[in-house]
Each structure stands twice: as structure tokens, then as C-alpha cells.
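**Student:** I'd like to ask some things about the structure below.
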Ligand SMILES: Nc1ncnc2c1ncn2[C@@H]1O[C@H](COP(=O)(O)OP(=O)(O)OP(=O)(O)O)[C@@H](O)[C@H]1O
Ligand SMILES: Nc1ncnc2c1ncn2[C@@H]1O[C@H](COP(=O)(O)OP(=O)(O)OP(=O)(O)O)[C@@H](O)[C@H]1O
Ligand SMILES: [Mg+2]
Ligand SMILES: [Mg+2]
């Protein structure tokens, strides 16, 4: 039983990371219906940006260092995300290119980012210049470290903020209306492209946060770390219901738990089969995900 | 419309045909190898074009069908001593059946969801290949014999190249004819507006399954050929990047158009080779190039032609004419 | 015998009753007008007859068979064709290709025919092309045959839809607001077209329209819906004089 | 009265199609101006050009003296030019209320105005109040048109442009809508109205223009136009 | 055949893009170093050696293209090969072209199983390493309960399977045998499972990136027993990722690294001066591999591929960092060259 509970804690942490990235995925998908394959790579970029900042410190890195790494990383990656949108996606969006073309562009962006990082940081794994203490507390036999707790709480905070922003503020509604009909949205006086840019900035920033946290928590980063992670995060977004903030988090947690339990009871090599299997199951049986809203399309 | 295959640019096509035949004779082993890789990419891209280009179903896991063909041939020829010809036939059938099986529950989904499901499905197939005993696990299957007819063995690269070339010609013929038929039009109707297609009596699910099954079949064929060309296969070859590259081939050249798709497949193989001397920069530049293509040639490098103003029947339209108010 | 019998049909969306207990018949070779306020359930009725919505209750008999639960493509094969309130053409295909789609349900060639180019296939292809051209000429838009549907003005698109529906060689043609967005002279031509279609193809028409004048000119009978219920049925002049219809739908003339 | 909108010598293209050919007309402040014309004549294109959705190749468009044809759609809207587009284009998967809120985006700081206007809309269209929480995409065609007009009002238009607002509406609603347009106009909003329903439009409007295959072929006060026998023949008979 | 009259062309096949790009770079550097040295001395048989590099990206498909490229460049011999799954199809190409290949890193048993006469493995195969690991865990650690983890790649699974069999044969008990996803970074779930089995030793047969994380999380969870890794994980980065404290005491099976061989100490230094970084795990073997080919060229007095193949096959007691080598008929080493090393004060050191 304790092992089971310990596994649930493990799952929670993994799920939180999935959820954070899923949020950004979901936001971008939510506004331009683009499966942004490069999103996982922005997460990777975030990890590298944080790495560069932390490398500047000599000796012990404290909370100030971590905070600085987070802020710089969010800004840098946010701006890169904005730039990617501006350079690669916007011309296509403006021309109303087919979705397929956008997807191909995203694959191209993903490759370009990955290998740009490889060219500048080298192909090998980099080790985060920070070792956090392994302290924590026990509930029964289950151990939770302070870092784990911090990661989970921080993520919940971000989630609450986003939930309010997207559903309650007029800006969030504008983002949703762009997804439905961007021309009509511009007729409401809404600067469509500025909003798309904003969404990319926010989504990329979230990925950066996840990247830095991942680097700090696991300690090791690499230029290809974002790809599979991105796909998993997308799976999480779908499970939770794409476009939904709470859904992205919930999806992340569900995916984390499914993967963990799959690893424990069946075998680690089948982990990804579980992840993608549950993705397919969801799409076939409940395509709107756990919390997504059903859209009745009229004929 | 019914544009005859060899009417307009027939000279160009004949020239191309001759070049294709001549490649192994006039170049070295390396270029022959690159050309055969291109051949089997053409086959894959043509197959995927049925699904994506004709029926408008975005498939991101096409390599799954390719894997099924490869493994069928790999397993049957090495472990059961089955002849290559039977194995390629079975490979195509298995791939088709798999295509239909996965299609039935998923083809009802919206297009972007379908893309994700197929992606997941492709990964699952790769992982099954990676984790199972009968597929040789992570190290795959090796020692796959070359095809033979009687005592004639397709031993050399050159012979294999011609073997693939024959399959490609066959595929072009079949797919081109399908594209210009009632079936091909039904696919286009579904791609454009599925509800309206239904209203015109087009059974959406049936035609989608047909597209999926046929596309899978060509994937299976290509897979079998891949297995004998490589003589060793491993799960690495069937990952998402493979599916992405095939999709790229379809889109880069000109989606929905056979000559465009062929061009795309050739480019996808040639570009990375041409950029080999940049080594580290290669994939980076490849990515950048992709983006640039989509921005500046969104319909591919060789897109299909657009509308024509019909002049054969200049009957004036009464409602819109200017004569109403003088 | 009537071609269509709608029998106590009901359609619910959650709590909302879009159509409730509506029954009416359409006699062969008649034009029946279906009118009613916005949101009365007219389009929903179309969607049920053509198989896009499944009624929650009731029967729809078409040519003697109950078609409830059948797919739209199946129903089209049985001899029904429709246009859509929001035009639904195949936007990136040419007008001719659009109209050729109508012949899909009347032809049968499959992959073998296509790949082998059998004699039957070639004959069919020729026929498809001919019929498509005929239908285009009939509605007077032959000169647009090579244009992409999405680049045409609204009125022409409407006609493409009608030509496409005619190409299915239907027994029953359902038109959803064909006159919307037409000016007076175009409207006159539409009236003419509907009557010519009826004459030439000997078919039955069910017509949704807010242009009461147009309906009364072409319809043999009018059915009026309001809040999903049938509130009147009968000859045009009777129905349009019905005070309930005036109150719910036409409004009093105050000028 | 001074013209609020001047549309001078405008040419516009869709690819090779010459959709507007040297089109000029003006809209006077406080009036209702009607654009008539058959299908494909270019009426919607004129409205799109004003809203910045279609590029103008030559000519100028001025609003209150200022050149606007190089501005972006959202800037044009912020200046008070609001369009109810052809085919309504409401946000189908959002609720009626959310649609209206989005219409008020440019006025988002002015809570009082938004509240008042919302009330006004609900009195003009009681049906919308009933359906405020319903997904707009599931409304009937007429109900959707009401949402579209309401949404435009929320943006506090100085110039309200309506592209065939009567299309697909029950006669009783058409009458209502026309009345409402007239009311809106009387409260000081200038209106540019594109209509196929010439009879209704001429009755409502002060000035009218006839567009034929991309050119203005007739213009004048609505009384004049109602007398013109070509008009009577083509649009009113 | 070979290039123009006064040079000998040798092909190098290794991954220089993709996930294993660093390994390929390390190998290429060492090979270049060996060639520079001999060319500096005037070359072999009075000819200079010219290297042609081909990137296999650790991908089977790219690997055959790369192999064919080398064949069409008329190379006399080929050196390299990191990922077994890429070496397998490439070795087929070299075999049919009759060109000898010295494999300096990949060591899956499946490569010799093809019985190609011109493919030589300078790295001992998995069964040798499995035996070394087993002996150490059972005898030195007195381990009875052993957990084995692999990363699901060809090399890793092969080694894990052989280790499992060897342990069972030696009377040990394999309490857990698991695959993990090397691209993941969270291995807590599998380690929680390991912990519940209270093993005496846990042996990881995958690469260093995931290995480092495993060690770190292994220690954080407080799993019982010691942790060991196979040669793919022997890299300074492993210690960095795991953290020095966590890595302390980790043991490893390894083909001999230059720093543990007195004669190679200087070589390591030279390498570092030349390339501004420490040699990678397969640098030394690759260096030796290139020297082996040079030796064969000298013996054969020819750059004809067949002659080179013959010369390599007849190699007797050729001195490498790992000791003298010679090959069995199937192209593998006659004598395993695996050694045991361990982490002490943040460095790998020879055990005992
Ligand atoms: N898919 C759907 N989901 C929910 N409600 C729907 C759906 N389709 C129609 N409705 C509701 O059913 C009612 C009838 O709609 P319908 O489209 O049939 O009206 P209509 O008579 O065609 O109106 P109009 O003349 O305005 O086109 C409307 O209130 C509408 O909101
Ligand atoms: N997106 C487009 N691409 C190409 N041509 C177009 C496009 N939109 C409109 N056109 C063409 O421009 C011309 C004018 O169209 P417009 O929509 O302005 O006409 P309209 O007067 O509004 O007609 P309607 O009464 O049908 O709405 C038409 O010939 C039409 O075919
Ligand atoms: Mg309707
Ligand atoms: Mg218009």
C-alpha cells in the first residue's frame, strides 16, 4: 500500500510537468488550432536558458538564483516563441493556409530549434549546475520532498491564474473567438495577431518554467529532451480536454498516473504504449476529453 | 478533370523515365543507394498521398503500415523460409487490414484529432516491434534474404533499384487512375466537405476506409521492399520522424498531385544528402528550409493547377448582367 | 399516394424541443412550402428528412420505406437531394466537379473499374460529365463550369447547389431558403427555375422560404411551423390569411 | 450635412478578378445610406474595403476626414466603423452573452455603456435574453442575425454597416429589424446598409447607390431612386 | 582498391548527428589522432592515409546510405560503428562489397552471428561483459539478489538478457528485470519497484544520461544494495548528473580506459591538448582500432581490402591499451578485455 502511495506521489510530480507543458500546448491549439510540434522544444529551450543563467553563478545557488533563472528563461523563451510565431506561423495564418502546411512548418521549427541548440550547446547531456537538498517529510512511509511539494504548489498557482484569465477576462474570450473566426474577431476591434502573439508568449513562457523546473529537479538536460515530452504533454492536453486549463492539468496527472502504474504493474518498456493507448481510447470514446466542452456543429 | 497522363508534358516525363532507368548505370553505388531510397520514399509518399492528399485525412503515423510490411517480410523470410513474393503480398494485406481496423473507430474523428490518434498509433506499433520477442526486440531482424525468381537473385543494389522502380511505376499507374475516377472524386468531396458529400450520396466512412486501406497497402508494399533492401530492420526506422518525413515528401512537392509528390519524395532524400558536407548544420538547415518552403511555396514546389475560366459556352448569366440598369 | 409521410416526428436537443409531434404529407409532383418564424424547426425538419439528424420519436416514410436511422448518403441514393441554408459546396473544386458529385449515387464503379478502365467505367464517366453539363446549362451557369466554387458570388453558388442536387436525379428536392440574398429580378428567375425544374424533371419539391410571396407563387400547399409545432397547413392563400400565422410569422402590415 | 465617409475612386481585386472599378460614393453623417445591386455586384467588397479586410489597390477611403484604407481592421473598428458581416459570422461555440461581450471589446473600459447597451439589446431582442447562456451556433438563422446586430451595437458604432441584415429572416422579424435600424439611426448612428430587399431599403434609407458589376451606376436620394423606372423595373416591380 | 596512387582512403562511420552525436565525435577525434600521428611519420607503405567520414546518425536507414557512400568512395577499410542497430545493416553492405570493417564500439552478439568474414569487433561482446559483471556481483559483492535494468535499446537489452542468464547460471537470483524509457527523466516509479525487492545489487546496462538520473533517484529513494553500470554509462557526465555524493561507490564494467593503463596516461593527455576535452568512453578503442588497421596495412603491404581483411584476421598479439588482441573466426576477440572500475571521489578508478 505504501509503495502504491509512493507511486502516486511519483505520478503527481511527473503529471505536473506534463500538465505545465500541456497548458501551453492547449493555449496555442486553442487559439489557432495548431498542433505546435515545436512546443516541446520551447520547453527544452527553457531548460537551456535556465542552465545558462545558473552557470553564471559560482558556488552555492540560492533561491535568488533560481528566481532569476526562471524570470530570464521565461522572458527569453517567451520572446523566442513570439518570434517563431511572427516569422514562421504568421505568414501562413494570414494566408489562411491549410492546417497541413502549418503542421509541416511546426515540424520544421521543431527541427530548427533542436539543432540550433545542438550547434550552440553541443550534442551531449548537460548537467544543471545546482544540487538541491533531498529533504522532505514523511506521511507514514511515504516521502515527499520539499522540492516536489514546491513544484506542485507553484503549478497550481499558475493554473488558477490562467483559469481566471482565459475564462473570466475579455482577453481570454478574445483568444477563444480568434480560434472560431479570426476575421470576425478582427471586426470586433480585436487585434488578432497581437493576441496570437500574446498566446505564444504565454505558452512559451509556461514551457520555459517547466523547462527550468525540470532541469533543477532532474539535473540533466539535452537538446532532444523536448520532443517526446512534448508529445506526451499533448496527450495530456487531449485527455483533459483541449482548450481547457483545468483539463490540461488533470490530463497531465491522469497520464502521470497511468504511466506510473503501467510501469509498476506491467513493465517500463510498455509505458509509452500506455500513454498513447489511453490517448487513442480517449479520442475514440470521449474526444472532448475529461473537461473539454462538446461542440454541436449544425448542418 | 480527365487530363491525360501523357499529353502535356509527355516529353518531360519520358526524359525523366530514361534518367530513372539510367541512374544505376551511370552513377556509383552511393547514388544508386540514394536513388533506391528515393524510390521507396516515392512509393510511401504516393501511398500517403491517397490518405492525405486525396481524402484529406491527416495521418501522422503512416510509418506503422510501413513497419507492418517490413516486419512481415522480415519475419516470414528469415524464420519461416517463406518466399519474398508471398511475404510482400501478405505484408500488403496485413497493412491493409490493420489500416481498416484502426480506421473503423477513428475515422469519425475531426481532422486534427485524427492526426493525433494516428501519431499515437504509429508510436504504439513501433513500441510493440521494440518490445516483442517475435519482432526481434530492439535489435530487430537481420539476415533478410534478397528476393529471387527461380535461381535469379536480386543480389545487387542495382537490381533492387529496378525492382523498386517497377513497383513505383505500378503505383503511379494505379493511383493516377484512381485519382481521376469516381472513387478519386468521392475522396475529394469528403476532403472538401464531408456533410455535403454525404448529402450527395457519398458514404463518407466507406470511402475514408478505402483511402486508408489503400494507402496502408502501399505503405506495406514499400515496407517489404525496405526490408530486403536493408537486409536488417530495427524499430528505429519506424518512428515518428519517419512518418514526418513521408508527410513532408507529400507536402513539399505539391499535395494531391502525383508528379508533385514524386518531386517531394526525391527532395526529402536528396536535400539531406546534398547537405552532408555541412554535417552539423544539416538538420538545422533542413528545418529552416521547410519553414521557408511553407511560407513561400505553400502549395508545394509543383502544385496542381487552379481554376480555368471556361469559354466554351459563353451563355450570359441573366441575374448578374449589367443590362438591367442602363 | 403521397411521396413523403412525416408521422408524429419529434426532435429534442437536451431539454429543447426543436420539433414536436409534427405530421404532414407531401404528394407526388407537388411543391410544398415549409414556413415559420426563425427557430421554428424548419431546417431541423430538413435535417431529419435527409438523415442528418435522428428524430427522437416518430416515423418518416419515403416512397413506402421508413428512412429514420438511415445515413444521409443512403437516403440520397433512395432519391432525395437537398441544398443547405448555409451554402455547402466543395469550395476548392470546380463548379463542374461539384455538380458531378450529384451523379455519385447513381453510378457504381469502384476501384477495379477505375484502375482497369473498363468499358462500363468509361461509359459511366461519359454519362457523369454529360449530366453535369446538362444540369449546369439547365440552371444557366455553364460558363462558370471551370471556376472554383469558393470564388463565385453567393447567387451563383446557390445555383451550383441546385444543379448539384438535380444531378442526383432525385424524386424529392429539398431547398432551404434558396431566395435568401437574391434581389427582385433574381428572385423572379428563381421562381421560374423552380417551376421549370418541377415541369422538366417531374419531381416533388419541399421548400423552406421566408419570402412568403415566392412561396405562395410556387407552392401547392404550405405547412407552417412555430416553436416546433405545426400551426397551420393548407392552400397558400388560406394559410397566409390564417390569423395565427399572421401573428406569429408575417406580422401586421403597418404601412 | 457633411460626409462622414468618403469612398473615392477605389479599385480592388481578388487575384485577377477586378471586383471594384473606380467606385466613389459618400455617406452623410446621421443618414442611412443604402447600397443596392444584384449578386456579385461588389457590395460586400465595398464594406470589406472599408473595414480593411480587402486591400484597396488605388483610390482613398476617408472617415471623418482621415484616410483609413491603410489601417488594420481592428484600428478601423476602434474608430467606430463597425460591420455586421454577410453570413453573420457569430462565434458559434461561445454563448450569446459572450458574443455580445466580445462585441464590446473596444469599449471594455466603459462598464456603464456596456451595461446600458446590453439592456437595450435585450429589450430590442427579447429572444436573446432567453438564450443568453445558449451556444450561439445552435441558434436558428434569425436568432443568429439578432446576435450579430447586437454584437455590433456593443462596439458603440459611429458608422454601422450592415451586410444584408434581412437575409433569412421571417417577415415579421425583417420588419422589426428594419424598425430597429431606423431607431438606431435616429439615436445618432450613421448607417450604411447593403440590402437585396430594395423595397425595404429604399423606404428606410435617405440616400441610395446602385452597384453593378463593380461600378456605381446610379445614385440619388431614395425618393428620386424610387421614381426611377429602371429601379422600379429591376428592383421593385 | 584505393584512392589515387599516393594515398590510402579509410572510411569512418559513426553518429555525428542525433542523440549519440557526442560519442561519434569522440570516436572520430581519436581516429583522426591516430591518422595524424602516422601521417606525421610519413604514412604507411609510403602513402598518406586520408579519412572519409560518414554519419550514420545511429539510424539503420542513414547507416546503409552512409555505408554505400564509403563503398563508392573506394575506401580500403572502414572503422567505427557505435549503435549496434546501425552497424547491423551497414556491415551487410561492407560484407557484400568485400571491405573490412573494424567495429570499435558496438558489440551486440548479433553482429558476429551474421558470420561475415570481414567484420571485426574490437570491443568484447555482451556475453563477455555479462560474465564480468556477474562474477563481480556474485563473488566480490557476495550479492544473491540482483536487479537488472535496461533502456530497451538493442545493445542494452542484449547485455541485460545475457547478464540475467549468467547470474542465474551462477546461482544468483534476479529479483527484478525491467526496461525503462531512456528519454524519460523520472525513474522514480521503477525505482520504487526496485526498492521493494531489496536487492543486493542493481545493474544498469543502458547509457550514461539515463544512468546518471537513475543513480541520483536510486540514492534519493534509499534503495538497498550497490549500483553498477555497464560500459555505455562510463562517462564523467554520469557522475555529474548523478551528483558526486550519489555516484560514490558505483561500480562499472568497462572495456579498458586509457587512464587505467599505465601506457595510456600520456595518450589521454595528448588527446586533451589536441581536442580541448577529455577522451570519451570509446576514444581509446577507436584509436586502437585505427592503429590496428594501420598495422594490417603494414602487414599486408597493400591497401587491397581483401589483403587487409586477411591481415586483420591473422593479427596476433597486437598491443592495444587493453592488452594484446587477436580474433576468433567470427570476428570477435579471443579474450575478453573487460575490467572492473568504480567511482571514488568523483572519479572512475580501477577496482582493487
Ligand atoms: N444542433 C443543435 N443543437 C442544439 N439546438 C439546435 C441544434 N439545431 C437546431 N437547434 C435549435 O432548434 C431550433 C430550431 O432550429 P432550426 O434551425 O430548425 O430553425 P429554422 O426554422 O430553420 O429557423 P431559421 O428560419 O432561422 O433558419 C432552434 O431553436 C435551434 O436553436
Ligand atoms: N474571396 C474571393 N475570391 C475571389 N473572388 C471573390 C471573392 N469574394 C468575392 N469575389 C468576387 O467579387 C465579386 C464581388 O463580390 P461581392 O461579394 O462583393 O458581391 P455582392 O454584391 O456582395 O454580392 P451578393 O449579393 O451575392 O452578396 C464577385 O464577382 C465575386 O465572385
Ligand atoms: Mg433554417
Ligand atoms: Mg454580398
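Residue numbers (the numbering used here), protein chains in the order written: chain Z, 432 to 730; chain L, 85 to 410; chain A, 6 to 260; chain P, 4 to 240; chain U, 30 to 381. Every residue gets a Cβ at the ideal spot worked out from N, C-alpha and C, and that includes glycine.
So which residues of chain L does residue 121/U contact, with C-beta pairs closer than 7 angstroms?
**Tutor:** On the fifth chain, residue 121/U is found 92 positions in, with the first residue counted as 1. What residue 121/U touches in chain L: 315 and 316.
**Student:** Do we get a CB-CB distance below 8 angstroms when we pair residue 115/P with the residues of chain Z?
**Tutor:** The count along the fourth chain starts at 1 and reaches residue 115/P at position 112. No, no contact with chain Z.
**Student:** Along chain P, which residues have their Cβ under 9 angstroms away from the Cβ of residue 190/A?
**Tutor:** What you label residue 190/A is simply residue 185 of the third chain in a count that begins at 1. Within chain P, the residues near residue 190/A are 41, 236, 237, 238 and 240.
**Student:** Are the C-beta atoms of residue 97/A and some chain L residue less than 8 angstroms apart?
**Tutor:** Start at 1 with the first residue of the third chain, and residue 97/A comes out as number 92. Taking Cβ atoms only, chain L reaches closer than 8 angstroms to residue 97/A, which makes this a yes.
**Student:** Indicate, with yes or no, if ligand 1 has a heavy atom lying under 7 angstroms from the CB of residue 61/A.
**Tutor:** Against the third chain, residue 61/A aligns to sequence position 56. Result no, Cβ not under 7 angstroms from ligand 1.
**Student:** Please report the distance separating the alpha-carbon of residue 582/Z from that of residue 140/P.
**Tutor:** The residue labelled residue 582/Z in the question sits at position 151 within the first chain. The residue labelled residue 140/P in the question sits at position 137 within the fourth chain. Straight-line Cα distance between these residues: approximately 40 angstroms.
**Student:** How many Å lie between residue 662/Z and residue 689/Z at the Cα?
**Tutor:** Looking up residue 662/Z in the first chain gives position 231. Looking up residue 689/Z in the first chain gives position 258. Going by the C-alpha atoms only, they are around 15 angstroms apart.
**Student:** Once the 5 residues before and after residue 288/U are set aside, which same chain residues still bring their CB inside 8 angstroms of it?
**Tutor:** In the fifth chain, counting from the first residue as 1, residue 288/U sits at position 259. Excluding sequence neighbours, residue 288/U sits near 294, 297 and 377.
**Student:** Against chain L, does residue 564/Z count as a neighbour if the rule is that its beta carbon must be under 8 angstroms from one of theirs?
**Tutor:** Start at 1 with the first residue of the first chain, and residue 564/Z comes out as number 133. No, its Cβ sits nowhere closer than 8 angstroms to a Cβ of chain L.
**Student:** Between residue 282/U and residue 235/U, which are expected to be in contact by the criterion C-beta below 8 angstroms, what is the C-beta distance as a whole number of angstroms?
**Tutor:** Taking the fifth chain and counting its residues from 1, one reaches residue 282/U at position 253. Taking the fifth chain and counting its residues from 1, one reaches residue 235/U at position 206. No, residue 282/U and residue 235/U are not in contact; Cβ-Cβ is about 13 angstroms, not under 8 angstroms.
**Student:** Hey, how far is the Cα of residue 161/P from the Cα of residue 199/P?
**Tutor:** In the fourth chain, residue 161/P corresponds to position 158, counting from 1. In the fourth chain, residue 199/P corresponds to position 196, counting from 1. When rounded, the distance between both Cα atoms is 23 angstroms.
**Student:** Flag residue 292/A as yes if its beta-carbon sits less than 8 angstroms from any beta-carbon of chain L, otherwise no.
**Tutor:** Not covered by the structure: residue 292/A. The range shown for chain A is 6 to 260.
**Student:** Using only the heavy atoms of ligand 1, determine whether one of them is closer than 7 angstroms to the beta carbon of residue 653/Z.
**Tutor:** Locating residue 653/Z in the first chain gives position 222, where the first residue counts as 1. No, Cβ of residue 653/Z sits at least 7 angstroms from all heavy atoms of ligand 1.
**Student:** Mind listing the chain A neighbours of residue 272/L? Cutoff is C-beta to C-beta under 8 angstroms, in chain order.
**Tutor:** Within the second chain, the letter at position 188 stands for residue 272/L. Under the 8 angstroms cutoff, chain A gives 95, 98 and 102.
**Student:** Less than 8 angstroms separating the beta-carbons of residue 98/U and residue 245/L?
**Tutor:** In the fifth chain, residue 98/U corresponds to position 69, counting from 1. In the second chain, residue 245/L corresponds to position 161, counting from 1. No. Outside cutoff.
**Student:** Buried or exposed: where does residue 146/L fall if 16 or more other Cβ atoms within 10 Å of its Cβ makes it buried?
**Tutor:** In the second chain, the residue the question calls residue 146/L occupies position 62. Label assigned to residue 146/L: buried.
**Student:** Does any residue of chain Z bring its CB to less than 8 angstroms from the CB of residue 143/L?
**Tutor:** Taking the first residue of the second chain as position 1, residue 143/L is located at position 59. Judged by the 8 angstroms Cβ criterion, residue 143/L is not in contact with chain Z.
**Student:** Kindly indicate which three-state DSSP category residue 301/L falls into: helix, strand or coil?
**Tutor:** Mapped onto the second chain, residue 301/L falls at position 217. It is helical.
**Student:** For the alpha helix (DSSP H) that residue 332/L lies in, which residues bound it at each end?
**Tutor:** As a working note, residue 332/L is residue 248 in the second chain. Unbroken alpha helix (DSSP H) run through residue 332/L: 324-337.
**Student:** Is it the case that the region 347-354 of chain L contacts the region 114-128 of chain L, given that we only count it when at least three CB pairs across the two stretches are under 8 angstroms?
**Tutor:** Yes, the region 114-128 of chain L touches the region 347-354 of chain L.
**Student:** Give the DSSP-derived three-state secondary structure of residue 231/L in the structure shown.
**Tutor:** Locating residue 231/L in the second chain gives position 147, counting from the first residue. Here residue 231/L sits in coil by DSSP.
**Student:** Taking only the alpha-carbon atoms, compute the straight-line gap between residue 106/A and residue 178/P and give it to the nearest angstrom.
**Tutor:** In the third chain, counting from the first residue as 1, residue 106/A sits at position 101. In the fourth chain, counting from the first residue as 1, residue 178/P sits at position 175. Cα-Cα distance, rounded: 39 angstroms.
**Student:** Does chain L have any CB closer than 8 angstroms to the CB of residue 82/A?
**Tutor:** Here residue 82/A refers to the residue found at position 77 when the third chain is read from its first residue. Interface residue, yes.
**Student:** Using CA coordinates, which residue listed in 93/U, 145/U and 112/U is at the minimum distance from residue 137/U?
**Tutor:** What you label residue 137/U is simply residue 108 of the fifth chain in a count that begins at 1. It is 112/U whose Cα lies nearest to the Cα of residue 137/U.
**Student:** Taking 8 angstroms as the threshold (beta carbon to beta carbon), is residue 24/P in contact with chain A?
**Tutor:** By one-based count along the fourth chain, residue 24/P stands at place 21. Taking Cβ atoms only, chain A never reaches closer than 8 angstroms to residue 24/P, which makes this a no.
**Student:** Which residues share a DSSP beta bridge with residue 102/P?
**Tutor:** Position 99 of the fourth chain, counted from the start, is the residue given in the question as residue 102/P. According to DSSP, residue 102/P bridges with nothing at all.
**Student:** What are the residues of the region 223-246 of chain L that lie near chain Z, defined by any Cβ-Cβ distance shorter than 7 angstroms?
**Tutor:** Within the region 223-246 of chain L, no residue qualifies.
**Student:** For residue 46/P, verify whether its CB is less than 7 angstroms away from any heavy atom of ligand 4.
**Tutor:** Position 43 of the fourth chain, counted from the start, is the residue given in the question as residue 46/P. Residue 46/P: yes, Cβ under 7 angstroms from ligand 4.
**Student:** At 8 angstroms on the CB atoms, spell out the chain Z contacts of residue 221/U, in chain order.
**Tutor:** Here residue 221/U refers to the residue found at position 192 of the fifth chain. Chain Z residues near residue 221/U: 434, 437, 438, 441 and 695.
**Student:** Could you work out which residues of chain L lie near residue 546/Z, taking near to mean beta carbons separated by less than 9 angstroms?
**Tutor:** In the first chain, the residue the question calls residue 546/Z occupies position 115. Ordered by position in chain L, the residues that pass the 9 angstroms Cβ test against residue 546/Z are 364, 365, 366, 367, 368, 369, 370 and 371.
**Student:** Beta carbon of residue 144/P: closer than 7 angstroms to some heavy atom of ligand 3?
**Tutor:** As a position in the fourth chain, residue 144/P is number 141, starting the count at 1. Residue 144/P: yes, Cβ under 7 angstroms from ligand 3.
**Student:** Quick one: which chain A residues come within Cβ less than 8 angstroms of residue 184/P?
**Tutor:** In the fourth chain, residue 184/P corresponds to position 181, counting from 1. Within chain A, no residue comes near residue 184/P; the closest Cβ sits about 15 angstroms away, beyond 8 angstroms.
**Student:** Please determine if the region 604-612 of chain Z and the region 89-96 of chain P are in contact, where contact requires at least 3 C-beta pairs separated by less than 8 angstroms.
**Tutor:** They touch, by the three-pair rule.
**Student:** Strictly under 8 angstroms for the Cβ-Cβ distance: is residue 320/L near chain U by that measure?
**Tutor:** For the purposes of this step, residue 320/L is taken as the residue at position 236 of the second chain. Yes, residue 320/L counts as interfacial toward chain U.
**Student:** For residue 172/P, return the contacting residues in chain A, with the cut-off set at a CB-CB distance below 8 angstroms.
**Tutor:** As a working mapping, residue 172/P is identified with position 169 in the fourth chain. In chain order: 43 and 215.
**Student:** Roughly how many angstroms lie between the CA atoms of residue 173/L and residue 167/L, to the nearest whole one?
**Tutor:** Here residue 173/L is taken as the residue at index 89 of the second chain, counted from 1. Here residue 167/L is taken as the residue at index 83 of the second chain, counted from 1. Using only the alpha carbons, I get a separation of about 10 angstroms.
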